[in-house]
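These notes concern the structure reproduced below.
Protein chains in written order, with this note's numbering: chain A, 59 to 219; chain B, 59 to 219; chain C, 59 to 219.
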């Protein structure tokens, strides 16, 4: 099964990622690396989610939100490289939870995204290094933001001429 | 226009970055990558800035502070590679705002740095991936800290012998 | 002196890093890079540490905890590449302190880890770029979490076939 076939089997609707209003690129290809900016949860209908984890959302709800952030990242990656099949593996994710000061279940929350990536790229290539940590605040008071680095298949890498 | 010419046209005075008291390097060259440690705001006269964004500083004031952090990064980059013309593009910035728990305008704040980089390296090469997020606290209570990765022009890269 | 000899001379007992319960790899080799996930303090007897810096721990106590996190990273790196002698240098560390909102001594805390790395890999190769910052919360309420990127010696790098 290819990553695109794995995604199709999940029957998920990918959110549409809007053009950034601020000054950054959602993704950037550098040789065999695909850098991904911090992504926030946007539902397939375009609505946003805001609130603190441990106050407005339980850790299970936040885990579902982290999965949605994963879908947003996947949507962005596809916009950039055309097909998930061009991505070889997950190198690194940095999972940020907008939580109350005593929150302690960040790994459980970020697993929502990590599980999705493992479903798409497999239990080895879909699982990279990770930190799952708590922020003091996040833009628009989103509960979860995740940034990532992926490795592209060599034939998909873009090198200097 | 070259990046050095663009900087000259901004008529900015670059802060002098002190030798680190703690155990780190402000910048490190690795092949074609230039890694930049988290930089904090230091004014050209050497004075520091401290306080929380959303309490001691408005988001517009914090945006000016983020631009100052960008100038500190530029000063450090120049110390390390000699000329901004050796830098090809911005790969990634991680913008950290020391904000109150309900602050929500991190992208507006970090745009202060991103705008500066776009003025110097252009709207394409000067704009990379980014996360703009809120920390619980920062060293010396600085309101903004930014770390970055730049890509050097191939002829400026330093590889193993 | 080699890094392994330097470690032996410190007479430290390395903690055993448990297999992750969450979905991530503690370390990942990519070409000449060794990416290291966020590591938390685990004592050699397997016990954990939790609490806020500036409330439950002083900055000096937190510095010792950051050194322990450094030992956990070293234990993980050895599990992955077999010997510390395969690591050429520290490229980057991201030091996260779970502190009260007004805490200001993050560099002092993270120096506990940086000093250890300098003792093992030397004052040049053992010192990379760094950010030392304050988080709103951390998993299991640990006081310090550190992630890192190391560079491997070329002959130890793993490239695509």
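The C-beta atom is built at its ideal place from N, Cα and C for all residues, glycine as well.
- The Cβ of residue 114 of chain A sits no closer than 8 Å to any Cβ of chain B.
- Per DSSP, reduced to three states, the secondary structure at residue 211 of chain C is coil, with no helix or strand assignment.
- Beta-bridge partners of residue 156 of chain C (DSSP): C/193.
- For residue 203 of chain B and residue 195 of chain B, the gap between their C-alpha atoms comes out near 10 Å.
- At the C-beta level, residue 134 of chain A and residue 171 of chain A stay beyond 8 Å of one another.
- In summary, the residues of the stretch 96-127 of chain A whose CB is separated from some CB of chain B by less than 7 Å are 96, in the order they occur in the chain.
- Close partners of residue 194 of chain A in chain B (Cβ separation under 9 Å): 155, 156, 157, 158, 159, 161, 191, 192, 193, 194 and 195.
- Interface residue (Cβ-Cβ distance to chain C less than 8 Å): residue 132 of chain B is not classified as such.
- Below the 8 Å Cβ cutoff, chain A contributes 149, 150, 186 and 187 as neighbours of residue 86 of chain C, in chain order.
- Taking every protein chain shown into account, the CB of residue 106 of chain B has fewer than 16 other CB atoms within 10 angstroms, so this residue is exposed.
- At a C-beta separation below 8 Å, residue 164 of chain B has these neighbours in chain A: 195, 196 and 197.
- Under the Cβ distance rule, residue 172 of chain C counts among the residues neighbouring chain B, one pair being separated by less than 8 Å.
- In this structure, the CA atom of residue 100 of chain B is about 43 Å from the CA atom of residue 142 of chain A.
- Taking one beta carbon from each stretch, the stretch 147-161 of chain A and the stretch 171-189 of chain A have 3 or more pairs nearer than 8 Å; the two touch.
- Under the DSSP assignment, residue 95 of chain B falls in the beta strand (DSSP E) whose first and last residues are 91-97.
- The DSSP-derived three-state label of residue 145 of chain C is strand.
- About 6 Å separates the beta carbon of residue 95 of chain A from that of residue 205 of chain A, a gap short enough to meet the 8 Å contact definition.
- According to the DSSP secondary-structure assignment, residue 168 of chain B is paired through a beta bridge with no residue.
- In this structure, DSSP gives residue 70 of chain C a state outside helix and strand, which the three-state scheme calls coil.
- Here DSSP, grouped into helix, strand and coil, assigns residue 115 of chain A to strand.
- According to DSSP, residue pairing for residue 150 of chain A in a beta bridge involves A/187 and A/207.
- For residue 62 of chain C, same chain residues with a beta-carbon under 7 Å away, outside a window of 5 residues either side, are 141, 142 and 143 in chain order.
- DSSP places residue 87 of chain C in the uninterrupted beta strand (DSSP E) bounded by 85-88.
- Non-local C-beta neighbours of residue 209 of chain C in its own chain, meaning closer than 7 Å and more than five positions away in sequence, comprise 90, 91, 146, 147 and 149, ordered along the chain.
- Classified as exposed, residue 66 of chain B has fewer than 16 neighbouring CB atoms from the shown chains inside 10 Å of its CB.
- The way I'd put it, the stretch 112-131 of chain B does touch the stretch 159-170 of chain B; three or more beta-carbon pairs between them come closer than 8 Å.
- The straight-line gap separating the alpha-carbon atoms of residue 87 of chain C and residue 64 of chain C is approximately 23 Å.
- Distances from the alpha-carbon of residue 118 of chain B to those of B/78, B/175, B/79 and B/155 put B/155 closest.
- Secondary-structure assignment with DSSP links residue 202 of chain A through a beta bridge to A/155.
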